[in-house]
Every structure is written in C-alpha cells, then in structure tokens.
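Residue numbers (this note's numbering), protein chains in the order written: chain L, -18 to 82; chain R, 46 to 216.
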C-alpha cells in the first residue's frame, strides 16, 4: 500500500475548506456555484478513498448519485443566475436580496 | 519516497492549485478563468481517483464534470457576457475576514469528524474487480437501486425546472 488513507482524507479536507472559503467570500454567483462543485468533489474523494481502503465498492454508487445531484444543482443554479442577471443586470449575490424585504 | 507517493503529491498539488485559482480573487475575477482552472482541478482529481483504483468513477468524472458541467458553465458565462465593472469585487472588509474564519471553522469541524472516523477505521483487502465498470454497475442496480431511480427522477425534475426558470416570460 503506497499512500496512506489519511493523506487522501487530508487532501479532501483541504479542498472542502477551499470551496467553503469560496462560497463564503466570493460574491459572483457563478464562482459560488463553482466553489460548491469543489466541495462536492472533495466529498466524492472521501467516499472513494474509504471505499478503496475498505475494499467495498458500494460507495461508488453513492458517488454517482452525488455527481447527478451536482449536475442537477448546476443546471437549476445557472438558470436562476440567468434570471437574476435579466432582473438586475448583475450576478452579484448581495444585490439579489428582493426576497428579504 | 515511493513512486506512488510522488504521483499523489503531484496530483494533490495540482488539484489544490486549481481550486485556489477558482476561489482567490486575483485569478478568479474573470469567471471564465475560474471555469478553466476548475477543469484543471477536476482532471487532477480524476487522477487521484485512478490512484484509488476507482477507474469507472474517474472516467465519469472527466465526462460529466470536466465535460458537461463545465460546458454549461462556459456557455452561461458567454450568455451573460459580463463587463469588467460588473465583475468588480467590493474591497476587503471585516465581513470578508469573518467569513474566511467561518469557512475555516467549517473545515476544522469536517477535519475533526473525519479524524474520529480514521481512528476507528479498519482496513480490508480489496477484490480484484474493484472499481471497474461491471462491479460499479452491479452495485448500482443491486444495492442502490432505489437511490439510482430517484436520482433519475431528480435529473428529470432538474431539466424541467431549469427550462421553466430560464425561459422567457410571456407578459
């Protein structure tokens, strides 16, 4: 066994944190969606590395479902981004606050 | 340092640098650059999946993420055609520093939870057919059949929802 499991988990945690920083700090809605993709990818990495070290291929099925959820989320999120852009000529998530008041 | 370790470090550093290029404002100000950096990150992640002998998932990762999802992103960026003024980020503020800290706190919570799992983890040997298309397909239709069918319903409703949201309103 070449690389220990903890290295893969560490990589997944680093990627998850980078994605969380992107979601928290960036205000462009497209970049927020991309950061969400990074976070979902790191979750997939956790599933796959545990599956590899358990010798259980069952987690790969869940990874497929996560990929399907990510694709659905991107499709709906980008449609919403287009509508927000049509509405107030900007994809800044701070300016999309009509529902707040 | 073994050859596997060197390959892992190359793939890990590539994936992290790609993700950082998406998130950090100097590189990712233009969303198109962010999308291209995200493709790089996803392809390096597919390499990590290959190293974890998840061959079929790696192929699907390249096809779906680096192919389909990124095409969707680039298409929407092209449709919106944002000007540099619209892309300008507000100046750094206390709010932004606090949100970085909260994101780091979320990462710390995830790390501590995974460490707890790692401590109680017992490794097992893997079968020879691990991760190829036949074994993954088998587990998908035997073990996770209902989840699989529900994800197809989810994708259908996402298609209908995206068309309904993004279409032109008849006023």
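Backbone N, C-alpha and C define an ideal beta-carbon position, used for all residues, glycine too.
Note that this is a predicted model, so its numbers are computed, not measured.
Coil, strand or helix - residue i by DSSP
i	result
residue 69 of chain L	helix
residue 126 of chain R	coil
residue 183 of chain R	helix
residue 175 of chain R	coil
residue 98 of chain R	coil
residue -12 of chain L	helix
residue 36 of chain L	coil
residue 41 of chain L	helix
residue -17 of chain L	coil
residue 165 of chain R	coil
residue 46 of chain R	coil
residue 22 of chain L	helix
residue 141 of chain R	helix
residue 189 of chain R	coil
residue 170 of chain R	coil
residue 213 of chain R	coil
residue 69 of chain R	coil
residue 82 of chain L	coil
Neighbouring residues, chain L, relative to residue i (Cβ below 8 angstroms)
i	result
residue 68 of chain R	-1, 0, 2, 3, 6, 7, 12, 16, 19
residue 49 of chain R	-17, -16
residue 175 of chain R	33, 36, 38
residue 38 of chain R	Lying outside 46 to 216, the shown extent of chain R, residue 38 of chain R is not represented and no answer is given.
residue 76 of chain R	9, 11, 12, 15
residue 99 of chain R	29, 32, 33, 41, 44
Where residue i falls, given that 16 or more other Cβ within 10 Å makes a residue buried
i	result
residue 50 of chain R	exposed
residue 194 of chain R	exposed
residue 209 of chain R	exposed
residue 41 of chain L	buried
residue 204 of chain R	exposed
residue -13 of chain L	exposed
residue 55 of chain R	exposed
residue 189 of chain R	buried
residue 175 of chain R	buried
residue 66 of chain L	buried
residue 33 of chain L	buried
residue 6 of chain L	buried
residue 123 of chain R	exposed
residue 31 of chain L	buried
residue 62 of chain L	buried
residue 198 of chain R	exposed
residue 138 of chain R	exposed
residue 185 of chain R	buried
Bridge partners - residue i, DSSP secondary structure assignment
i	result
residue 9 of chain L	L/73
Per-residue contacts from residue i into chain R (C-beta, under 9 angstroms)
i	result
residue 22 of chain L	60, 64, 86, 87, 90, 106, 110
residue 68 of chain L	Residues of chain R passing the Cβ test: none, with the nearest at roughly 11 angstroms.
Under 8 angstroms from the C-beta of residue i: neighbouring residues of chain R
i	result
residue 80 of chain L	Those within 8 angstroms of residue 80 of chain L in chain R number zero; the least Cβ separation is about 15 angstroms.
residue -6 of chain L	152, 155, 156, 159
residue 74 of chain L	Under the 8 angstroms cutoff, chain R gives no residues; its nearest Cβ is about 12 angstroms from residue 74 of chain L.
residue 62 of chain L	121, 125
Expected contact under 8 angstroms - CB spacing of residue i and residue j to nearest Å
i	j	result
residue -6 of chain L	residue 85 of chain R	About 20 angstroms separates the two Cβ atoms, so there is no contact after all.
residue 23 of chain L	residue -3 of chain L	4 angstroms
residue 9 of chain L	residue 73 of chain L	7 angstroms
residue 12 of chain L	residue 79 of chain R	5 angstroms
residue 96 of chain R	residue 166 of chain R	Actually they do not touch by this definition, with Cβ atoms about 19 angstroms apart.
residue 77 of chain R	residue 119 of chain R	7 angstroms
residue 59 of chain L	residue 117 of chain R	6 angstroms
Within chain L, partners of residue i - CB distance below 9 angstroms
i	result
residue 145 of chain R	2, 5, 6
residue 149 of chain R	-2, 1, 2
residue 81 of chain R	By Cβ distance, chain L contributes nothing, its closest Cβ being about 11 angstroms from residue 81 of chain R, past 9 angstroms.
residue 204 of chain R	53, 56
Chain-ordered chain L contacts of residue i [CB-CB under 7 angstroms]
i	result
residue 191 of chain R	Ordered by position in chain L, no residue passes the 7 angstroms Cβ test against residue 191 of chain R, which lies about 11 angstroms from the chain.
residue 185 of chain R	42, 45
residue 170 of chain R	36
residue 102 of chain R	29, 41, 44
Amino acids of chain R, ordered along the chain, whose beta-carbon sits closer than 7 angstroms to that of residue i
i	result
residue 49 of chain L	196, 199, 200
Heavy atom of the ligand ATP within 8 angstroms of residue i beta-carbon
i	result
residue 77 of chain L	With respect to small molecules bound, the structure shown includes none, and the ligand ATP cannot be examined in it.
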